[in-house]
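In what follows, a single structure is set out as structure tokens and then discussed.
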Amino acid sequence: MKKLLITLILALSFLSGKGQTMIDSLLRIRSNIENVPVYLDQDAYLNNFWDIYNLYVEQGDYAEAWNLVNNTLNVFIERNFENNTYYTRAVLVALVKINNLMENYDLAIRYGEKADTMFTFASDTLSMAYSGLLSSMSSCYRIIGNTIKARNLNRKSFEICKYVYGNNILDDIYLVNKNQLHGFLNNYGLAFMEDNDYRNAEKCFQIIIQSLQNNPSHEVYQIACSNLAIIYSNQNFPKKGAELMERVVPYTQNDYLKIHSYEQIITDYTTLKDTNKVEEYLIRYNITNLNNLFYHFTTFSERERYGRWQRLAYQTLWFNNLTASCIPTISIRRMAFEMNAYYKNFTLNYSNIITDYVKQSKDSNLKELFLRYKNDINNYVFGINTRYSYFNALSKELQMLNNLKDTIKNLLAQKFLYFNEIMDFIKYGEYIIQFCDIDDIAHKNPDRNQSYYTAYVLGKQYPYPIYYYVCRKPQMDTYLHSDISNKTEYYSELYSPKHSEELYQILFEPLEYFLKNTKTIYYAPCGDLSYLNFDLLTDSLGTPLNEKYNLVRVSSVYEIPTIKSRNITTSTTAALFGDIDYATADYSAERGKIFGNLDASRPEIESIANTLKSKNISVKTYTREAATEKVFKSISGNSHEILHLSTHGFSLETERDISERPFAQSVNTYSQKESAMVLSGLALSGANNAWKGNFDLPNVEDGILTAYEISQLDLSNTKLVVLSACETARGKIFPVDGVFGLQRAFKQAGAGSILMSLWKVDDNATAKFMEYFYKFLFETNDRHKALKMAQDEVKKQYPDP
575 MKKLLITLIL ALSFLSGKGQ TMIDSLLRIR SNIENVPVYL DQDAYLNNFW DIYNLYVEQG
635 DYAEAWNLVN NTLNVFIERN FENNTYYTRA VLVALVKINN LMENYDLAIR YGEKADTMFT
695 FASDTLSMAY SGLLSSMSSC YRIIGNTIKA RNLNRKSFEI CKYVYGNNIL DDIYLVNKNQ
755 LHGFLNNYGL AFMEDNDYRN AEKCFQIIIQ SLQNNPSHEV YQIACSNLAI IYSNQNFPKK
815 GAELMERVVP YTQNDYLKIH SYEQIITDYT TLKDTNKVEE YLIRYNITNL NNLFYHFTTF
875 SERERYGRWQ RLAYQTLWFN NLTASCIPTI SIRRMAFEMN AYYKNFTLNY SNIITDYVKQ
935 SKDSNLKELF LRYKNDINNY VFGINTRYSY FNALSKELQM LNNLKDTIKN LLAQKFLYFN
995 EIMDFIKYGE YIIQFCDIDD IAHKNPDRNQ SYYTAYVLGK QYPYPIYYYV CRKPQMDTYL
1055 HSDISNKTEY YSELYSPKHS EELYQILFEP LEYFLKNTKT IYYAPCGDLS YLNFDLLTDS
1115 LGTPLNEKYN LVRVSSVYEI PTIKSRNITT STTAALFGDI DYATADYSAE RGKIFGNLDA
1175 SRPEIESIAN TLKSKNISVK TYTREAATEK VFKSISGNSH EILHLSTHGF SLETERDISE
1235 RPFAQSVNTY SQKESAMVLS GLALSGANNA WKGNFDLPNV EDGILTAYEI SQLDLSNTKL
1295 VVLSACETAR GKIFPVDGVF GLQRAFKQAG AGSILMSLWK VDDNATAKFM EYFYKFLFET
1355 NDRHKALKMA QDEVKKQYPD P
């Protein structure tokens, strides 16, 4: 499959020339009409516009269609000297449609509301153009989940259509053998399906299919066939539905439609228990999804990718997991796990691929473009540059991606690992547990609204991953979504003997059935489980998990080889930051509440420095005013092998947290993910000025080292990062990607292992813990054993977790 995968990915860079000659011809006609001085034949121009627009859409070239719509709209306004004419309204409807196709649903609805106002003002609400607007808006509302609004708009659109063409619109194919009505009929069919009126729904789709039967490559034809196949499935005729879609899919060019078609075929053959067909089409489904994924990440800017990635990744993994639970063959389970593992690591891997390629490139122009793009983004985020500079940076990124498109696709394809390759990471007695928080429901389960935490378990003796439904999410919500206004009390209660045992019974005990002669478990948590300390879960005898097993927490199973290969005790350089002057006289005994002095920080780093020096490690110590953000950033590209930061950490996760921090008001964010990275970080020298909102010097470091800034550095030489601070493992959780905060930042910067905290930590207890950790690290030559031994020692003095 790998050879096929890479071949198809590279083939994606070749844009089909089908229809291009026709488009060129139509563009020449458009130019001739447009260049007639004074008089513009608006009807001819509009018809020409629709011809070109439809060809672009059929080819899936939505960007060109979007440009065409905007250019046409401008021409009509310039030549008419007014915004609200029949022609501008018609093109505005196309603008709604193309944003719908590009999945910019919120934007499509905003344009739609503007157009609705224009139609109403012009008393043009009984036209087919207005019916088309309502139909397109209905599609957007249905996709974002507002089915009531979608249905109401659809009904209104249908009534207008019947007013124009008569009540017999569904009975005479010749009345509707016009391209402009196909979209309406498709939406009406969906409305009938929602009411379980399959007879009229089928009639709508059959009219489209019959009128376009000589053009099976038409997207509306393919959508109608897909909806008809769903009707067959709902009426318990899965074979009929699968065979219909098998006839359609060879003509499908649009990846989104192809993916949906494969899902329908797989669903039908799953019902029929046709294992061979399910395996065949699941391979095609996953290859198409990967092609689509690589296309998005080499065609769209960082801002545009965000929403698309979430939907694409979530749906892909949900469907793979669902299929694996329904048809548990060796190849299907392997494939589903491979996709989960790859997607979980994808965005981090993508970022590192771009950075590494540019860094190693000999193309000075490429390097300059990359640096300018990064610099412009950074300056916008921290309020130095305007929003215009941000959009200018996005254009630089697109220019860079366009230059590297084929190279990036090839590199991304080569990073895909297969089951056997991942199994080579571990030995007998070692296991991998990868948790999933995709809402995947077993086909046999009648309640399709439930959501679960599931897990893949891999061991050397198993020829395929075990896929197990661990627990329902509401069970875990009882523990993880309690009131945490008082975090100290919350965590003490969460890891009390009673709750630790209950969490163990829910989350881990069911999986132990598959763990035979276990020594080491590599586990990758997901969702809210990322905020759970598995070490402290205890069995019925009160034994913590980290005493039963050698637990190794990973962000992704792809990290396991790196973790195994990095020997920290062979390090030769270290940098320690601590006893920092935050320019305040306030004192806090917790490392995070306010940026006050940490009295235990100086003896902590002095003790660690002595330990490291005794092992012939060169140590640089930065304290008080010298522990600056500028100094930390200066190590980028030539970082120390051990980095230790004894300071305050912060993670602003709620609206209340953000509103109470003046620093948070001074930054710009252009996506939820970047916002999470800017609102997590560490305090260095002088941080309190910026934290209080009193710092406004451009191009001067403010002392607050955000996760976003760390992610832009090169710390690939660093084997171990120790964050001796509060809540450094926290951040904002996103589906598939996991936690966005300091841990992702250091991973993105290339650092190896990271020691972090999930909650607020006492100053003195933390200092003691760190001394023990480094002592045991060099005694055992094993960072995980050192962590466990340090925990045991500190527990003697501070028994509460």
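The sequence shown maps to residues 575 to 1375 in the working numbering.
Ideal placement from N, C-alpha and C gives every residue a C-beta, glycine not left out.
- As computed with DSSP, H1218 is found in a beta bridge with L1150, V1296.
- Between the beta-carbon of T849 and that of T929 there is about 42 Å, and that puts the pair past the 8 Å contact cut.
- The bridge partners DSSP lists for K688 come to none.
- Under the three-state reduction of DSSP output, D1337 falls in the helix class.
- Counting along the chain, C735 sits inside the alpha helix (DSSP H) bounded by residues 721-739.
- With a cutoff of 9 Å on beta-carbon distance, L943 and M913 are scored as not near each other.
- Look at P1373 here: in three-state DSSP terms it is coil, with no helix or strand label.
- For K1306, the pairing in a beta bridge is given by DSSP as F1314.
- Annotation: the continuous beta strand (DSSP E) that includes Q1008 extends over 1004-1010.
- Judged by pairs of C-beta atoms under 8 Å, the segment 1248-1262 does not touch the segment 1336-1344, as fewer than three such pairs exist.
- Residue F1314 holds the alpha-carbon nearest to the alpha-carbon of S1249 among A915, F1314, L669.
- Counted as a single uninterrupted DSSP element, the stretch harbouring I1095 is not any alpha helix (DSSP H) but the beta strand (DSSP E) occupying residues 1094-1098.
- Comparing alpha-carbon positions, the option among T659, E837, L1106, Q616 lying closest to Y855 turns out to be E837.
- Collapsing the DSSP output to three states places P1118 in a strand.
- Excluding its 5 nearest sequence neighbours in each direction, F1169 has C-beta neighbours in its own chain below 7 Å: Y1156, T1158, H1222, A1257, A1261, N1262, W1265, listed in chain order.
- Restricting attention to Y843, L786, N788, the CA atom closest to the CA of A803 is found in Y843.
- In this structure, S1066 lies away from L1110, with their beta-carbon atoms at least 9 Å apart.
- One alpha carbon belongs to V649, the other to D617, and they sit about 13 Å apart.
- For V1126, DSSP records a beta bridge to Y1096.
- Listed in chain order, the non-local C-beta contacts of P790 below 7 Å within the same chain comprise V822, Y825, local neighbours out to five positions each way being set aside.
- By the Cβ rule, the segment 1228-1236 does not count as touching the segment 1289-1306, because fewer than three pairs are nearer than 8 Å.
- DSSP, reduced to helix, strand and coil, places L1253 outside both helices and strands of the structure shown, so it counts as coil.
- Straight across, the Cα-Cα distance linking I833 with L886 is about 10 Å.
- Sequence-distant partners of L1279 (beyond 5 residues in either direction) whose C-beta falls short of 7 Å from its own C-beta, in its chain, are E1203, F1206, G1255, L1256, L1258.
- In chain order, S1254, A1281, T1302 place their CB closer than 6 Å to the CB of L1316, counting only its own chain and leaving out the 5 sequence neighbours on each side.
- It is roughly 39 Å from the alpha-carbon of E677 to the alpha-carbon of L1329.
- The secondary-structure analysis by DSSP pairs C1045 across a beta bridge with Y1027.
- Assignment of beta strand (DSSP E) within the segment 765-801, counting only whole runs of 3 or more residues, yields no such run.
- Inter-segment contact for the segment 1140-1155 and the segment 1103-1119 is absent: fewer than three beta-carbon pairs are separated by less than 8 Å.
- Leaving aside the five residues that flank N673 on each side, the residues in its chain whose CB is nearer than 6 Å to its CB run, in chain order, L681, A682.
- Per DSSP, reduced to three states, the secondary structure at Y704 is helical.
- For Y1042, same chain residues with a beta-carbon under 6 Å away, outside a window of 5 residues either side, are A1029 in chain order.
- Around the beta carbon of L601, fewer than 16 other beta carbons sit within 10 angstroms, so the residue counts as exposed.
- Between Y1002 and N923, the C-beta spacing is not below 9 Å.
- Boundaries around Y917 are those of the alpha helix (DSSP H), 904-934, since no beta strand (DSSP E) includes it.
- Between the C-alpha atoms of F1320 and F920 there is a straight-line separation of about 16 Å.
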